[in-house]
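Numbers given in our numbering equal positions in the sequence shown, counted from 1, plus 1. Glycine is no exception: its CB is placed at the ideal position from the N, C-alpha and C atoms. Treat the numbers as computed from the prediction; the structure is a model and nothing was measured. Only one structure is covered here, and it is reproduced in the block below.
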Amino acid sequence: MTPHPQNIRVFANVDELLLAAAKDFAERAFKAVQDTGSFKVALSGGNTPKQLFDILASNADLGIESPIPWRDIHVFWGDERYVSHDNEQSNYLMTEDHLLSKVPIPKKNTYPVPTNSGKPDEDAKKYAETIRKAFQLKSTELPVFDLIYLGMGPDGHTASLFPGTDLVKSLAAGNDFHHQLVAALWVQKFEMHRITFLPALINQAKSIVLLVAGADKAPVLNSVICGKYQPETYPVQLITAPNSEKIWFVDKAAVSMLDNI
Ligand code: 6PG
Numbered sequence: 002m003t004p005h006p007q008n009i010r011v012f013a014n015v016d017e018l019l020l021a022a023a024k025d026f027a028e029r030a031f032k033a034v035q036d037t038g039s040f041k042v043a044l045s046g047g048n049t050p051k052q053l054f055d056i057l058a059s060n061a062d063l064g065i066e067s068p069i070p071w072r073d074i075h076v077f078w079g080d081e082r083y084v085s086h087d088n089e090q091s092n093y094l095m096t097e098d099h100l101l102s103k104v105p106i107p108k109k110n111t112y113p114v115p116t117n118s119g120k121p122d123e124d125a126k127k128y129a130e131t132i133r134k135a136f137q138l139k140s141t142e143l144p145v146f147d148l149i150y151l152g153m154g155p156d157g158h159t160a161s162l163f164p165g166t167d168l169v170k171s172l173a174a175g176n177d178f179h180h181q182l183v184a185a186l187w188v189q190k191f192e193m194h195r196i197t198f199l200p201a202l203i204n205q206a207k208s209i210v211l212l213v214a215g216a217d218k219a220p221v222l223n224s225v226i227c228g229k230y231q232p233e234t235y236p237v238q239l240i241t242a243p244n245s246e247k248i249w250f251v252d253k254a255a256v257s258m259l260d261n262i
């Protein structure tokens, strides 16, 4: 598979990356609400988004003409750790603490991943139904998010699509679970279940923004972007996004091993 030409925005450091990402979020939200009346976004977890949320919540001057239309923004999560929403590992709790508790997004417009039944597969199905209902879709339709944020771990995972898991092996072998939208999986390295968007859903988004910063990601990012297609090793390569706008927001450290950037 020839690697897609990549749309990569390189920033001097993570602070500049995050400011640009915050401005990008604001502009996308404003345009989506202007065009369709809402902005449906799926957030990712981890440390990079946390810093982005702090900027968005701080009302920092992003140099944009119009205020962020918080009341018309609908928030979903592209993946979640299978812990209660008051557990410090919860992506929902991180988002609540760093964003939702500080901006006027109506509670009814937030769609946390259910993690309380003790049955991860059941909760994954429930979440898929929640998404379909929010998008008013039939059971075989795929929702089109305005924006899906992704990160990338130093092991090439994205969302909760981790190398070495049966789910990723199956996806890399060509099973795309098309109508399933979401899946639960056991991640041995964390000794916990995760719930994650599947590539078929992610690849439907109008726009996908990958936030990748830090020298620890440079070796894998070089393989992901310049190397051959091997999604079992680098699950982020499953995000082929043939019909979406896919943009990497990276800092210089993360692309330090890419020779043609
Ligand atoms: C999670 C995230 C995960 C994250 C990467 C990168 O639930 O942990 O969704 O996929 O995006 O681990 O995290 P950082 O941006 O913090 O390096």
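- Using a cutoff of 7 Å, the CB of H158 counts as near the ligand 6PG, since one of the ligand's heavy atoms is closer than that.
- By the Cβ criterion, the segment 177–186 is not in contact with the segment 55–71, since fewer than three pairs of Cβ atoms, one from each stretch, lie closer than 8 Å.
- Of the residues L101, F198, D156, A201, the one whose Cα lies closest to the Cα of T234 is D156.
- In terms of Cβ geometry, A160 and F136 do not form a close pair [threshold 8 Å].
- Put simply, the segment 47–64 touches the segment 6–22. At least three CB pairs are less than 8 Å apart.
- In the DSSP assignment, A43 falls within the unbroken beta strand (DSSP E) covering 40–44.
- Between the beta-carbon of K218 and that of A255 there is about 5 Å, and that keeps the pair under the 8 Å contact cut.
- Contact between V183 and Y112 does not hold, since their C-beta atoms are separated by about 11 Å, which reaches or exceeds 8 Å.
- When only Cα atoms are considered, P121 and D260 end up about 42 Å apart.
- Considering only Q35, E130, K253, K126, the residue with the shortest C-alpha distance to A214 is K253.
- Under DSSP, H75 takes part in a beta bridge, and its partners are K41.
- Where V221 is concerned, there is no enclosing beta strand (DSSP E), although the alpha helix (DSSP H) around it starts and stops at 219–227.
- The three-state reading of DSSP puts L148 in strand, counting E and B together.
- Collapsing the DSSP output to three states places T111 in a strand.
- Taking the C-beta atoms as reference points, I149 is found no nearer than 8 Å to G46.
- For V104, the CB contacts under 8 Å within the same chain, skipping 5 residues up- and downstream, are L57, A58, I69, W71 in chain order.
- The C-beta of K247 has 16 or more other C-beta atoms within 10 Å across all chains shown, which makes the residue buried.
- Relative to the ligand 6PG, even the nearest heavy atom lies 7 Å or more away from the CB of R10.
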